[in-house]
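Structure first, commentary second.
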Amino acid sequence: LEMAHKVDTVLLDKTGTITQGHPTVTKIRWIRADDAESYGPILRSIENRSEHPLARPIASYLEEQDVGQVEISVFESITGMGVMAKSPDGQTYFVGNESLLVKGGTSVEEDHNALAEKWRKAAQTTVYFFTADRVIALIALSDDVKDDSVDAIRALRGRGVEVHMLTGDNRETAEAIARRTGIQSYKGNMLPADKAAYVKKLKKAGKIVAMVGDGINDAHALAEADVSIAMGKGSDIAMDVAKITIVSSKLSAIPRAFKLSTRTVMGIRQNLFWAFIYNIIGIPIAAGLLFPINGFLLDPMIAGAAMAFSSVSVVLNSLRLKTIAL
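The working numbering puts the last residue of the sequence shown at 332; the count rises by one with no breaks.
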């Protein structure tokens, strides 16, 4: 609270912070006609093992389609990119973003690239399901912007605060969300380490930085920020690291938190005045400052009453915070 009113730069994660954090599958494009039947159970099994926020809606979508499951012999999470898994027959599968696809060296046909580009420009996240040899499916997920996000970002900018968006999503999806919410500065394809490095860069430039996030991938950046804010519906790790938790997970609470910080610090300064002013005036008089002039000495009862009123003044002034319209 003592630092928040000084913040001049706010970094926002996308999923679960600006958006609802409840992505839904809008389309699965299987590359071959029989891929859904052959590989659907493998995809569902992989996503059931994953803890990524996008995994649950994919698994739920496949469950609704009555897709079965198979055994997974090996499972490994690849930070900021996706997951790798092996079936009992030794075949390796990957589910993740475009960065993982590029890293794996798997080629994508031009029409599938065009489809992914179309989805991204519509602010839909594209997830790839593939092997080392070929892409098996493209999955589009949509996550709506929270009702209060646009107003909250406008309120932050109205305070003179720079607003940046950092997301692990691709640049096109980031651009689409930024355009909808009025954010001028955004970065896509950000790994957890990239977000932390971005915070360090801004701090080195003299900025007072607040990082707002809700996921495991945001924990490193939250730890680096001057003021760290977690969404209450996010991961436990994010809330453990953060100095402020927005219980409602509403972005509009952040401008209110900054306003509360301003009023709190103002109250602290006022309380210091009320705590010292009686002593500053009273002690010299009690020591006989006026005695040579008019023979006046401070009655101990008046001194006691002044000390009591000093405490009452501080308490009443502090309680005024409860009346502030946030």
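Glycine residues also receive a C-beta, built at the ideal position from the N, C-alpha and C atoms.
6 Å Cβ shell around residue i - same chain, five flanking residues per side excluded
i, result
"Ala229", "Val247"
"Ser83", "Val89"
"Tyr192", "Met171, Ala180 and Ala184"
"Thr15", "Glu168, Leu208, Lys213 and Val215"
"Leu17", "His170, Leu172 and Met217"
DSSP-derived helix/strand/coil call for residue i
i, result
"His226", "helix"
"Thr329", "helix"
"Met245", "helix"
"Val321", "helix"
"Arg108", "According to the sequence displayed, residue 108 carries Val and not Arg. It is helical."
"Gly22", "helix"
"Val340", "With the chain represented from 7 up to 332, any question about residue 340 goes unanswered, as that position is not in the structure."
"Phe302", "coil"
"Gly27", "coil"
Limits of the beta strand (DSSP E) - the one that residue i falls within
i, result
"Lys33", "Thr30 to Trp36"
"Thr268", "Note, Thr268: premise wrong, no beta strand (DSSP E); alpha helix (DSSP H) at Ala259 to Ala292."
"Phe81", "Val80 to Ile84"
"Ile250", "Ile250 to Ile252"
"Gly88", "Gly88 to Lys92"
"Gly351", "Given that the chain is displayed from residue 7 to residue 332, the structure contains no residue 351 and the question cannot be resolved."
Residues that residue i bridges to, as DSSP identifies them
i, result
"Ser191", "His170"
"Ser234", "Met217"
"Thr132", "Ala146"
"Val16", "Val169 and Ala216"
Cβ-based neighbour list, residue i, same chain, cut-off 7 Å, excluding 5 preceding and 5 following
i, result
"Ala225", "Ile243, Ala244 and Val247"
"Ser155", "Ile24, Thr187 and Leu257"
"Lys127", "Glu178 and Ala182"
"Pro47", "Val73, Gly74, Gln75 and Val76"
Same chain only: Cβ atoms within 8 Å of residue i, ignoring 5 sequence neighbours per side
i, result
"Arg165", "Pro261 and Phe264"
"Gly27", "Thr21, Pro59, Asp149, Asp220, Met237, Lys239, Gly240 and Ser255"
Anticipated Cβ contact below 8 Å, residue i with residue j, distance rounded
i, j, result
"Leu49", "Val101", "7 Å"
"Ser51", "Gln75", "5 Å"
"Arg186", "Val151", "6 Å"
"Met196", "Asp220", "Not a contact, Cβ separation roughly 15 Å."
"Asp41", "Ala146", "No, Asp41 and Ala146 are not in contact; Cβ-Cβ is about 16 Å, not under 8 Å."
"Asn323", "Gln276", "6 Å"
"Ala293", "Val320", "Between Val320 and Ala293 the Cβ distance is about 24 Å, and since that is not below 8 Å, they are no contact."
Residue-chain proximity (residue i, chain B), Cβ-Cβ < 7 Å
i, result
"Ser319", "Considering every chain present, this structure includes no chain B. It has just one protein chain."
Continuous alpha helix (DSSP H) stretch holding residue i: start and end
i, result
"Val5", "An answer regarding residue 5 cannot be provided, because it is not within the stretch 7 to 332 covered by the chain."
"Gly164", "Ser155 to Gly164"
"Ser113", "Unbroken run through Ser113: none, as it is neither H nor E."
"Glu77", "Where Glu77 is concerned, there is no enclosing alpha helix (DSSP H), given that its DSSP letter is neither H nor E."
"Pro63", "Ala61 to Glu70"
"Ala42", "Asp41 to Arg55"
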